[in-house]
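Numbering (this note's numbering), first residue to last: 1 to 213.
Backbone N, C-alpha and C define an ideal beta-carbon position, used for all residues, glycine too.
Remember, predicted model here, so these are calculated numbers, not experimental data.
What follows is a single structure, written as C-alpha cells, with notes after it.
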Amino acid sequence: MIIFDLDGTLLNTIEDLGAATNHALEQMGWPTHELSSYPFYVGNGVRRLMERAMPDDKRSKENVDALLRHFRAYYDEHCCDNTRPYVGIPELLKELTARGQKLAVASNKYQKATSHLIQHFFPDVPWAAIEGQKEGVPVKPDPSIVFAILSQCPTPKSDVLYVGDSGVDMETARRACVTSIGVTWGFRPVKELRESLANHIISRPEDLLTLLP
C-alpha cells in the first residue's frame, strides 16, 4: 500500500490556501501575508494555519474559531481555483493503479476539502481510503490517521510506503512504523526531509516506481 500526503505531495494547493487565509484575515480586519509565506504556515492542519497567520496579539480560541469560519466558507468555494496536480502525479497514479497497488490519502486538511479535492482531480483512481482531519482525531504527526487507513485496508506495515513533503509527514511515518518517502517538489526544503530522517527522498514522481518491491 502507498499512502500519500495531499498538500505539497499530490497537489500544489498553496495559492488557494493563501488566498483563503488572506480573505479570512481581511474579514477580521487584520494584515494579510505574501503567498510566499504560506508554505511554512501549512502542514499541521487548518487550525494551526489560522494561528500562525493571525496577529500574535489577537490569538485566542474565539478569534481562531471566527477566522476559521471565514476561511472555510471561502475555501470550500474556491479550493480548486488555482490548485493543480504536480507534474507527473496523474501519470504516476495511473501506473500504480495499473500495477494493482492499493492507494490512500492521509491529509491534515479537513475531511470535506480533502474528499472534494481528491474526487475533483483524481476521479478515476480507485482509492482504498481518503482520510482528512476529523473532529476529535489528532492531526499528523500523530499516526492515528495511518492506523485508520490500515483498519479500512489491512496491510502489513512492512508493505506500506508513506509519501509526503514535510518533516511532519516523515515523523508520521516513523511513529506509524512504516517506510517514509520524502518528495522534493512540495512546500518544504529537502534539508527538512533529511533532518527528519526520511528513509528515501525522491525528486520526481516517477522515481517512486523504483522503490516498489
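Residue burial classification, residue i (beta-carbon count within 10 angstroms, cutoff 16)
{"i": "Gln-133", "result": "buried"}
{"i": "Pro-141", "result": "buried"}
{"i": "Pro-205", "result": "buried"}
{"i": "Leu-212", "result": "exposed"}
{"i": "Val-137", "result": "exposed"}
{"i": "Gly-29", "result": "exposed"}
{"i": "Ser-151", "result": "exposed"}
Distance CB(residue i)-CB(residue j) smaller than 7 Å
{"i": "Val-125", "j": "Lys-157", "result": "no"}
{"i": "Asp-81", "j": "Asp-16", "result": "yes"}
{"i": "His-70", "j": "Gln-27", "result": "yes"}
{"i": "Ala-221", "j": "Ala-104", "result": "What is shown of the chain runs 1 to 213, which leaves residue 221 out entirely."}
{"i": "Gly-186", "j": "Thr-9", "result": "yes"}
{"i": "Val-139", "j": "Gly-45", "result": "yes"}
{"i": "Ala-20", "j": "Tyr-75", "result": "yes"}
{"i": "Met-170", "j": "Ser-144", "result": "no"}
Distance, residue j Cα to residue i Cα
{"i": "Glu-51", "j": "Lys-112", "result": "21 Å"}
{"i": "His-116", "j": "Thr-83", "result": "12 Å"}
{"i": "Val-160", "j": "Pro-189", "result": "24 Å"}
{"i": "Glu-135", "j": "Lys-109", "result": "12 Å"}
{"i": "Thr-210", "j": "Met-54", "result": "42 Å"}
{"i": "Phe-4", "j": "Phe-122", "result": "13 Å"}
{"i": "Asn-22", "j": "Thr-32", "result": "5 Å"}
{"i": "Ala-66", "j": "Leu-193", "result": "34 Å"}
{"i": "Arg-72", "j": "His-78", "result": "10 Å"}
{"i": "Ile-202", "j": "Thr-184", "result": "6 Å"}
{"i": "His-200", "j": "Leu-68", "result": "35 Å"}
{"i": "Ile-118", "j": "Ala-173", "result": "21 Å"}
{"i": "Lys-58", "j": "Val-64", "result": "9 Å"}
{"i": "Pro-85", "j": "Leu-35", "result": "18 Å"}
{"i": "Arg-47", "j": "Ser-60", "result": "12 Å"}
{"i": "Lys-225", "j": "Tyr-41", "result": "This structure does not reach residue 225, given that the chain is present from 1 up to 213, and the question cannot be answered."}
{"i": "Ile-14", "j": "Arg-175", "result": "26 Å"}
{"i": "Ser-269", "j": "Leu-49", "result": "Lying before the first or after the last residue shown, residue 269 is absent from the chain, which here runs from 1 to 213."}
{"i": "Thr-155", "j": "Leu-25", "result": "43 Å"}
{"i": "Glu-91", "j": "Thr-114", "result": "20 Å"}
{"i": "Cys-153", "j": "Leu-96", "result": "17 Å"}
Top-ranked residue by Cα proximity to residue i, from the options
{"i": "Asp-207", "options": "Leu-193, Ile-181, Ser-151 and Ser-196", "result": "Ile-181"}
{"i": "Glu-131", "options": "His-120, Gly-186, Gln-152 and Ala-106", "result": "Ala-106"}
{"i": "Asp-165", "options": "Ala-73, Ala-198, Ile-145 and Arg-48", "result": "Ala-198"}
{"i": "Met-1", "options": "Val-146, Thr-114 and Arg-175", "result": "Val-146"}
{"i": "Val-87", "options": "Leu-11, Arg-48 and Tyr-74", "result": "Leu-11"}
{"i": "Pro-39", "options": "Asp-7, Arg-175 and Thr-114", "result": "Asp-7"}
{"i": "Val-163", "options": "Ser-60, Arg-59 and Ile-89", "result": "Ile-89"}
Inset, instruction - Only counting runs of 4 or more residues, tell me where the alpha helix (DSSP H) segments fall wholly within the stretch 107-133, in order along the chain. - result: You should have 111-121.
Inset, instruction - Mind listing, in chain order, the continuous alpha helix (DSSP H) runs of no fewer than 4 residues lying wholly within the stretch 29-94? - result: If only complete runs of 4 or more residues are kept, the stretch 29-94 shows the alpha helix (DSSP H) at 46-53 and 61-78, in order along the chain.
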